[in-house]
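Undergrad: To start, I am sharing the structure in question, which I have written as structure tokens.
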Amino acid sequence: MKLIHAITIIVMFASNIFAYKQSDLDKLLSTKSCENGNLTEADLKGADLRNSNLRRVDFTGADLTNANLTGANVEGADFTGAMKVNLSGTRGASSPFMNNDK
19 MKLIHAITII VMFASNIFAY KQSDLDKLLS TKSCENGNLT EADLKGADLR NSNLRRVDFT
79 GADLTNANLT GANVEGADFT GAMKVNLSGT RGASSPFMNN DK
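In this text, residue positions in the sequence shown follow the numbering used here: the first is 19, and each later residue adds one.
Encoded structure:
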């Protein structure tokens, strides 16, 4: 029983390590800037991110379905495993999975 309890705690802790920071998401949505932020697995479906500063943001596994990134600076951002990323019209984009070696 103790082993099951310990495993449950470890799994809960590990899942939080890879989740986005709520403060980074709040900052992005209110200021359109989140340089060096952690938005891993964030739900950004339909987000209006036009002209945002997204330099070096970690979008690993994030859902960007129908998000508008037109004019956004995505230099050094990591989109590994992100869903429905449309980088047309962005600034600083070099490939869909930029800066994987942060």
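Think of the CB as a built atom: it goes at the ideal place given N, C-alpha and C, for glycine as much as any other residue. From a predicted model like this one, the values you see are computed outputs, not experimental measurements.
1) What is the rounded straight-line gap between the Cα of ALA60 and the Cα of ARG74?
2) The alpha helix (DSSP H) with LYS45 in it runs from where to where?
3) With DSSP run on the structure shown, which of helix, strand or coil describes ARG74?
4) In its own chain, which residues sit with a C-beta less than 8 Å from the C-beta of SER33, not counting the 5 before and 5 after it?
5) Going by C-alpha to C-alpha distance, which of ALA100, TYR38 and THR83 sits closest to CYS52?
6) Among LEU82, THR58, SER48 and THR108, which has the Cα closest to the Cα of ALA90?
7) Using alpha carbons as the reference points, say which of THR83, GLN40, GLY55 and LYS102 lies closest to LEU72.
8) So for ASN84, helix, strand or coil by DSSP?
9) So which of THR88, ASN86 and LEU62 has the shortest CA-CA distance to THR78?
10) Can you tell me whether MET116 is buried or exposed? The criterion is at least 16 other CB atoms within 10 Å of its CB, across all chains shown.
TA: Taking the geometry as given:
1) Locating residue 60 in the sequence shown gives position 42, where the first residue counts as 1. Locating residue 74 in the sequence shown gives position 56, where the first residue counts as 1. Each residue's alpha carbon lies about 15 Å from the other.
2) Here residue 45 is taken as the residue at index 27 of the sequence shown, counted from 1. 40-49 is the extent of the alpha helix (DSSP H) around LYS45.
3) Reading the sequence shown from its first residue, position 56 is the one you call residue 74. Note: ARG74 maps to coil in three-state DSSP.
4) Here residue 33 is taken as the residue at index 15 of the sequence shown, counted from 1. Here the model assigns SER33 a pLDDT of 42, short of 50, so the residue's position is not dependable, and the following value carries that caveat. Closer than 8 Å at the Cβ level, and outside the excluded window around SER33, lies no residue.
5) Here residue 52 refers to the residue found at position 34 when the sequence shown is read from its first residue. Comparing Cα-Cα distances from CYS52 to each of ALA100, TYR38 and THR83, the minimum goes to TYR38.
6) On the sequence shown, residue 90 is found 72 positions in, with the first residue counted as 1. Minimum Cα-Cα distance from ALA90 among the listed residues LEU82, THR58, SER48 and THR108 corresponds to THR108.
7) Locating residue 72 in the sequence shown gives position 54, counting from the first residue. For the residues THR83, GLN40, GLY55 and LYS102, the minimum Cα distance to LEU72 belongs to GLY55.
8) Along the sequence shown, one-based indexing puts residue 84 at 66. Here DSSP, grouped into helix, strand and coil, assigns ASN84 to coil.
9) As a first step, residue 78 must be located in the sequence shown, where it is residue number 60. Closest by alpha carbon: LEU62.
10) Working through the sequence shown from its first residue, we reach residue 116 at position 98. Unreliable positioning characterises MET116 in this predicted model, as indicated by a pLDDT of 49, which lies under 50. The coordinate reading is nonetheless provided below. So MET116 counts as buried.
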